[in-house]
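Contents: one structure, followed by commentary.
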Amino acid sequence: MSLGCPKALVDSERILTQLKVEGYDIVPAYHDADLVVVNTCGFIESAVTESLDAIGEALAENGKVIVTGCLGAREQKIRERHPNVLAVTGPQRYEEVVGAVHRHLPPRHDPYLDLVPPQGIKLTPRHYAYLKIAEGCNHRCTFCIIPSMRGDLMSRPVDEVLREAEKLVAAGVKELLVIAQDTSAYGVDIRYRAGRWRDREYATSLTGLARGLGDLGVWVRLHYVYPYPHVDDIIPLMAEGGILPYLDVPFQHGSPRILKLMKRPAAAEDTLKRIAAWRSICPDLALRSTFIVGFPGETEDDFRRLLDFLRAAQLDRVGCFTYSPVEGARANDLPDPVPEEVKRDRHARFMEVQREISRSRLAAKVGGTMQVLVDEIRDDGTAVARSHADAPGIDGQVLIAAARDVKVGEFIDVRITGARDYDLVARRSTAAGPGN
Ligand code: SF4
């Protein structure tokens, strides 16, 4: 429930968006809810009365109530009349509200279903936000149960997504992380229907969305994109600086035989050729991917092909998992499971190859300058930041020692002075903002 001015509404949107991304359902009626968040107004006396009445109504109808917003700054006044509210937080204290919801109604994180890393759920600072553009998936990868749980792809209309993004930016978000099960398929289910936003037409497609988001003046990062030919259209937008030159492409394997057994989207594409073409258009492009080793039927020859692919692709950021069966997945019926010991050994060999690649790619950045976004200031004064190549929670970091006068959520320019296996070390040059 949201009361008060447009600023309060923006806060409510921010809270709802975050909770939705974390898997909470937003319901319209008190009796369907496990918990109620009341965003209050405390500006004039009549608003205070209205807010206190609304809290009373929510308590009577539901019983579990968290209060936030302007009246939240006057906790005593709320508790005098409603001592049983679960938590009270002040205006724009969005992290505290989400934290209170987590405490009283813990999120269920399912690594097989959720798009957001667990770190993102525990603590999503206010300067970045996940933007979910679709639900469900039209593919049928044999190791995955998402289509049976969430159904086929359902894209959100582009104008709705752009309006939500605009509100997030108005609420202080500096980086938008675009997510869906298959971001590259966005819009196909609604035939790329056009939508109007800020007096312009945009197609409900990845390119249409990227064009719109590129006008917001914040970092825009694309996750879960498959290497289909139409993804080529996004790369020039990255080269022009509209959206971050970053693509998270879950390749999962490098052996065509295993990709076929996995029934992966775009498995037939010549991925290495595509990567080379992307890099020729946008040399700064940072590529992130995830892989599975030890999939049923994976032979030593398949695994070597995977390592060859890794060496040839020279990806910037890579995650690797050993295959483990998911209840209900068709891959469970495949013959020739790989013994656990072999899986672990392949995982270690894989990570060793990627460590070398990461180390040499990062070493090549020493001496250069880049813009970073500050995530945290440690007690010793070190600023922990990220570059365009680092998504929060899953990629590397840029560490800036003795960073004076730097604030969390601020963009700064730095010069790279050193490189580790996965992280960079830098010192500050001059302050800046994205695209302006
Ligand atoms: S693309 Fe494959 S792995 Fe991803 S959600 Fe769809 S079926 Fe699952």
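Going by the numbering used here, the sequence shown opens with residue 3, and the numbers climb by one from there. Here a beta-carbon is modelled for each residue, glycine too, at the ideal position from N, C-alpha and C.
Assumed close pair Ser291, Phe253 - CB separation to whole angstroms, cut-off 8 Å = 5 Å
ask   = Below 8 Å between beta carbons: does that hold for Cys39 and Tyr32?
value = First, the residue type needs correcting, since residue 39 is Val and not Cys in the sequence shown. Cβ distance not < 8 Å, so Val39 and Tyr32 don't count as in contact.
message = So Gly214 and Leu164 are supposed to be a Cβ contact under 8 Å. How far apart are they, rounded?
response = 5 Å
request  = Go to Ala241, then tell me how far its beta strand (DSSP E) extends in each direction, as first and last residue.
outcome  = No beta strand (DSSP E) holds Ala241; the alpha helix (DSSP H) holding it covers 236-241.
ask   = Taking the runs of the beta strand (DSSP E) that are 3 residues or longer, which of them lie wholly in the region 172-217?
value = 177-181, 196-199, 202-205
query = Could you give the distance in angstroms between the alpha-carbon of Asp318 and the alpha-carbon of Ala421?
reply = 13 Å
query = Cβ of Cys139 versus every heavy atom of the ligand GDP: is any distance shorter than 7 Å?
reply = Questions concerning the ligand GDP fall outside what the structure shown contains, since the ligands it does hold are the ligand SF4.
inquiry  = Please give the ranges of any alpha helix (DSSP H) in the region 247-302, keeping only runs that are unbroken, at least 4 residues long and fully inside the region.
reply    = 258-264, 273-283
query = Taking three-plus beta-carbon pairs below 8 Å as touching, is the region 212-228 in contact with the region 180-187?
reply = yes
ask   = Could you give the distance in angstroms between the alpha-carbon of Asp382 and the alpha-carbon of Val376?
value = 15 Å
Buried/exposed call for Val29, threshold 16 Cβ in 10 Å = Exposed, because fewer than 16 other Cβ atoms sit within 10 Å of the Cβ of Val29.
query = Who does Asp320 pair with in a DSSP beta bridge?
reply = As written in the sequence, residue 320 is Val, which differs from the Asp given in the question. The partner list for Val320 (beta bridge, DSSP) reads Ser291.
ask   = Is Cys143 near the ligand SF4, in the sense that its beta carbon is under 7 Å from a heavy atom of that ligand?
value = yes
task = Output yes or no for whether 8 Å exceeds the beta carbon distance between Asp415 and Ser431.
result = Less than 8 Å divides the Cβ of Asp415 from the Cβ of Ser431.
request  = Please classify Phe145: does DSSP put it in a helix, a strand, or coil?
outcome  = coil
request  = Could you work out which residue in Pro149, Gln399, Lys409, Ser257 is closest to Leu426 when comparing CA atoms only?
outcome  = Leu426 has its Cα closest to that of Gln399, out of Pro149, Gln399, Lys409, Ser257.
Ile148 Cβ short of 7 Å to the ligand SF4 heavy atom set = yes
Glu97 versus Leu5 - alpha carbon distance = So the alpha carbons of these two residues sit roughly 19 Å apart.
message = Can you tell me where the beta strand (DSSP E) holding Tyr325 begins and where it ends?
response = Counting along the chain, Tyr325 falls outside any beta strand (DSSP E), and DSSP gives it neither H nor E.
message = Can you give me the C-alpha to C-alpha distance between Arg361 and Val222, rounded to a whole angstrom?
response = 26 Å
ask   = In whole angstroms, what is the alpha-carbon distance linking Asp347 and Pro149?
value = 31 Å
message = Is the beta carbon of His349 closer than 8 Å to that of Val295?
response = yes
For Ala172 and Glu59, the rounded distance between their alpha carbons = If I take the Cα positions, the gap works out to 30 Å.
ask   = By the 10 Å Cβ neighbour count, where 16 or more other Cβ atoms means buried, how is Ser326 classified, buried or exposed?
value = When all chains shown are included, Ser326 counts as exposed.
ask   = Cβ of Pro229 versus every heavy atom of the ligand SF4: is any distance shorter than 7 Å?
value = no
inquiry  = In whole angstroms, give me the CA-to-CA distance for Val190 and Tyr26.
reply    = Answer to the nearest angstrom: the Cα atoms are 26 Å apart.
request  = Check Gln373 in the structure and name its three-state DSSP category.
outcome  = Looking at Gln373 - three-state DSSP - the assignment turns out to be strand.
inquiry  = Here's the rule: buried if 16 or more other CB atoms are within 10 angstroms of the residue's CB, otherwise exposed. What is Ala434?
reply    = At Ala434 the pLDDT is 47, less than 50, meaning the model places this residue with poor confidence; the figure from the coordinates comes in the next sentence. When all chains shown are included, Ala434 counts as exposed.
key: Heavy atom of the ligand SF4 within 7 Å of Pro267 beta-carbon   = Yes, the Cβ of Pro267 comes within 7 Å of a heavy atom of the ligand SF4.
key: Residues bridged to Ser4 (per DSSP)   = Asn41
Alpha-carbon to alpha-carbon, Ile236 and Gly243 = 11 Å
request  = Please determine, among Ile396, Ala391, Glu378, Gly395, the residue with the shortest C-alpha to C-alpha distance to Ile402.
outcome  = For the residues Ile396, Ala391, Glu378, Gly395, the minimum Cα distance to Ile402 belongs to Glu378.
query = Which residues in the same chain have their Cβ closer than 6 Å to the Cβ of Val340, if we skip the five residues on either side of it in sequence?
reply = Gly296, Glu300
request  = For Arg193, decide whether its Cβ has a neighbour in chain D, counting only Cβ atoms nearer than 8 Å.
outcome  = The chain inventory of the structure shown lacks chain D, comprising one protein chain alone.
task = Would you mind sorting Arg380 into buried or exposed? The rule is 16 or more other CB atoms within 10 Å of its CB.
result = exposed
query = Apart from the five residues just before and just after Arg83, which ones in its own chain have a Cβ nearer than 7 Å to its Cβ?
reply = Leu54
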